[in-house]
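Residue numbers (my numbering): 536 to 650.
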């Protein structure tokens with residue numbers, strides 16, 4: 536099992552930006568396809584984006600395509616989500632995990648987009 540610690544959330548205005556980070560506890564992180572997920576109040580957790588171990592391929596949900604960018608630094612066991620042009624509907628708790636969510640969930644980081 537790998538443990539994840541997410542950070543970087545907060546309050547942003549519509550149109551603003553936030554940068555989320557996820558640090559993994561083990562170097563095995565580098566072989567995982569890693570993903571960001573989010574869960575809004577009263578809704579199921581959903582996949583936001585994923586990136587392969589070598590960073591050669593990434594995927595984005597239609598709702599965030601063109602606004603969010605996923606990246607990783609395997610040397611630092613770190614996954615990044617750069618979020619631009621934020622919208623109120625991006626409000627959620629954001630989590631990281633591998634692409635099949637086979638590890639325990641971390642506490643996540645709260646993102647609130649509001650004027």
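Just so you know, even glycine gets a beta-carbon here, dropped at the ideal spot from N, CA and C.
Beta-carbon proximity list for residue i, same chain, < 6 Å, skipping 5 on both sides
i           : result
residue 533 : Missing from the structure shown is residue 533; the chain here goes from 536 to 650 and no further.
Assigned exposure category for residue i - 16 Cβ within 10 Å defines buried
i           : result
residue 566 : exposed
residue 544 : buried
residue 639 : exposed
residue 554 : exposed
Same chain, Cβ closer than 7 Å to residue i, five either side skipped, listed in chain order
i           : result
residue 480 : Because the chain is modelled from 536 through 650, residue 480 falls outside the range shown and cannot be assessed.
residue 622 : 549 and 648
Alpha-carbon to alpha-carbon, residue j and residue i
i           : j           : result
residue 642 : residue 540 : 7 Å
residue 589 : residue 609 : 9 Å
residue 615 : residue 604 : 8 Å
residue 601 : residue 574 : 20 Å
Where residue i falls: helix, strand or coil (DSSP)
i           : result
residue 562 : helix
residue 575 : coil
Close beta carbons around residue i, own chain, < 8 Å, minus the five adjacent residues each side
i           : result
residue 587 : 568 and 593
Residues that DSSP places opposite residue i in a beta bridge
i           : result
residue 627 : 646
residue 570 : 585 and 632
residue 613 : 558 and 608
residue 545 : 646
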